[in-house]
Amino acid sequence: MSSLFIDGQQCPASGGQSIVVHSPVTGEVIGEIARGQAQDIDLAVNAARRALNGRWGQQSATDRGRVLVRIGEAVLRHIDELADIEARDTGKPLTLARKDIEALARYFEFYGGACDKVHGEVIPYLPGYSVNVVREPCGVVGHIIPWNYPAQMLGRTLAPALAMGNTSVLKPAEEACLTSLRFAQIATEAGLPAGVLNIVTGFGREAGAALAAHPGINLMTFTGSPAVGVAIQTATAANHVKCVLELGGKSPQVVFADADLDKAVPVIVGAIIQNAGQTCSAGSRLLIQREVFDQVIERVAARFREIRVGLPSSAPDCGPIITQAQFLRVNQFIQECKDSGLPVLAEGILDDNLPAGGYYVRPTLFGPVPRTHKLAQEEVFGPVLAALPFDDEDDAVALANGTDYGLVCAVWTENGARQHRLAKRLEGGQVFINCYGAGGGVELPFGGVRKSGHGREKGLLALEEFSITKTIVFHHG
Ligand code: ADP
Ligand code: MG
């Protein structure tokens, strides 16, 4: 059974209980993780507080940056091992897992280099005064991350937090936490002091809820479902703690009649099948100008029919879904769409001889989907693409902005003026013009509006989220 990681040490959960881990590839039991609970969270938060008050908190930004860069290098040295763990734990193609580990390293390089470039401000004020605004760590940060990109999420939330001098308590998803645990050992060997990073595995309703409610937390970050986002905000509100939340999306790909389809079609299909559609920023709605609807659909459908679902080791387009529960949920969603009469435009291929107990879902393209249909509004979190026609630019904007979510948008048009108009009018944290970046780009600030959450991660903006300003006023006459 794997352990918790508290104060630089591996330790069992204080209740001695465990959670069974199943392989997404075969459905078989492949191990157990420790079932951390409130008392373990308490130990972890206390260790993080001690580390904040100790050496880590006293270190210069330059030295912190060096530690982060060394962690990035160590991750790359262990890339084969970490990619293997990530692929086994999540079922994602090994090729994708490798990219995810590279991204994990990249987060530590990027924020390691940024540590000592965060400057304060000097404000002109009244005669006889000098005013400095400095950025300080928030303190102890709580991180709750999901199972779809465990390694990337770890880097995305942890690296900027540590860069700003905070210390961390992380609750990975019970479905996939093995990479986080191995990472903690690698980071410690690379020079991360004890207590700076603490990991408590366990169920969301136990360890996760205890973390969000802990009065020793100064900032909470969460990526997951909107419903749990509400629970997290409710818990942190009791302690007046700020939350950074990323809660998924129903991101549109808007294709105009003048789009370059040779360029667009492979990207559009890639943006929904990447990680078997289990991506917050998956491009899950394909909005097509009516006059070219059939033409675009024909090309997207042809590509969809070539999507291969297979074993992670066989470089498939899609691996299995993460758990049996998600597998059943996604299949049920697809079945409901079929039962409601939605036309199936194309389906992908399941490799022969896949293990019977594995969680393999057939990628499906539906369309035209009515605007009020569940598939046009709700996140599936699986390889399912909804195609909808629109009439003109105004209609495209209304349709693209017409869900509760607002995370990522893409526009495909060769008309430059339209590109700029759409970039302004589309609602979301990122807009891509003639490209798409589901999950990519450590440098690019990312986050949502409305039900997709609030706060910004990635890029230099994350350093503002993970720190707090102090205004210092001197009166010298
Ligand atoms: P999913 O539906 O994909 O499992 P969740 O939002 O349920 O997404 O889970 C994302 C993360 O939030 C996981 O680490 C999970 O353990 C955690 N979590 C789930 N429920 C709670 C809760 N009530 N309080 C805190 N964390 C939770
Ligand atoms: Mg859940």
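Residues are numbered in this note's numbering as their position in the sequence shown, beginning at 1, plus a constant of 46.
Glycine is no exception: its CB is placed at the ideal position from the N, C-alpha and C atoms.
Where residue i sits in the DSSP three-state scheme
{"i": "M525", "result": "Absent from the model: residue 525. The displayed extent of the chain is 47 to 523, so no value can be given."}
{"i": "V415", "result": "coil"}
{"i": "A456", "result": "strand"}
{"i": "A361", "result": "coil"}
{"i": "G77", "result": "strand"}
{"i": "S498", "result": "helix"}
{"i": "S69", "result": "coil"}
{"i": "V390", "result": "strand"}
{"i": "S176", "result": "strand"}
{"i": "Y432", "result": "The amino acid occupying residue 432 in the given sequence is Ala; Tyr does not appear at that position. It is a strand residue."}
{"i": "G331", "result": "Looking at the sequence itself, residue 331 is Arg, so the reference to Gly does not match. The answer is strand: DSSP assigns R331 an E or B state."}
{"i": "P272", "result": "helix"}
{"i": "P261", "result": "coil"}
{"i": "T247", "result": "coil"}
{"i": "P218", "result": "coil"}
{"i": "R202", "result": "helix"}
{"i": "V488", "result": "coil"}
{"i": "I367", "result": "coil"}
{"i": "T141", "result": "helix"}
Option in the options with minimal Cα separation from residue i
{"i": "G54", "options": "F229, R351, T108", "result": "F229"}
{"i": "S48", "options": "V415, R331, C223", "result": "C223"}
{"i": "V66", "options": "F51, I125, D135", "result": "D135"}
{"i": "K504", "options": "F249, Q198, E337", "result": "Q198"}
{"i": "G490", "options": "C481, A508, I479", "result": "Residue identity differs from the one stated: residue 490 is Leu in this sequence, not Gly. With distances taken between Cα atoms, L490 lies closest to A508."}
{"i": "A402", "options": "S64, H68, I52, G73", "result": "G73"}
{"i": "A277", "options": "E292, A255, N285, M266", "result": "A255"}
{"i": "G158", "options": "E127, L128, L172, R202", "result": "R202"}
{"i": "S513", "options": "P170, S106, I125, L208", "result": "L208"}
{"i": "D363", "options": "V177, V407, I87", "result": "V407"}
{"i": "I318", "options": "P429, V177, A151", "result": "P429"}
{"i": "V121", "options": "R375, S360, L216, I232", "result": "I232"}
{"i": "M210", "options": "A107, T280, N244, R417", "result": "A107"}
{"i": "P416", "options": "L200, Q378, T269, L333", "result": "L333"}
Residue-level contact to chain C via CB, residue i, 9 Å cutoff
{"i": "E489", "result": "Structure shown: chain C not included; a single protein chain is present."}
Which residues DSSP lists as bridging residue i, in chain order
{"i": "S513", "result": "P183"}
{"i": "T213", "result": "V186"}
{"i": "H521", "result": "Y175"}
{"i": "S64", "result": "A80"}
{"i": "P298", "result": "R331"}
{"i": "V168", "result": "N178"}
{"i": "F51", "result": "Q56, I245"}
May I ask you to verify whether the segment 51-66 touches the segment 75-87, counting CB pairs closer than 8 Å and requiring at least 3?
-> yes
Should the segment 494-502 be regarded as contacting the segment 191-200, the criterion being three or more beta carbon pairs within less than 8 Å?
-> no
Would you call the segment 292-299 and the segment 318-335 in contact, with 3 or more CB pairs under 8 Å?
-> yes
Using 8 Å as the threshold, is the segment 92-103 in touch with the segment 386-405, meaning 3 or more CB pairs across them?
-> no
For the segment 85-93 against the segment 258-272, are there 3 or more C-beta pairs whose distance is under 8 Å?
-> At 8 Å Cβ cutoff, the stretches touch.
Just checking, does the segment 303-315 make contact with the segment 458-468 on the three C-beta pairs under 8 Å criterion?
-> yes
May I ask you to verify whether the segment 376-390 touches the segment 152-166, counting CB pairs closer than 8 Å and requiring at least 3?
-> no
Kindly confirm or deny that the segment 432-447 and the segment 412-424 touch, where touching means at least three C-beta pairs closer than 8 Å.
-> yes
Evaluate the contact criterion for the segment 135-148 versus the segment 363-373: three or more CB pairs, one atom per stretch, below 8 Å.
-> yes
Given 8 Å, three or more beta-carbon pairs between the segment 446-458 and the segment 469-482 = yes
Are three or more beta carbon pairs between the segment 136-152 and the segment 167-186 nearer than 8 Å?
-> no
May I ask you to verify whether the segment 434-453 touches the segment 419-426, counting CB pairs closer than 8 Å and requiring at least 3?
-> yes
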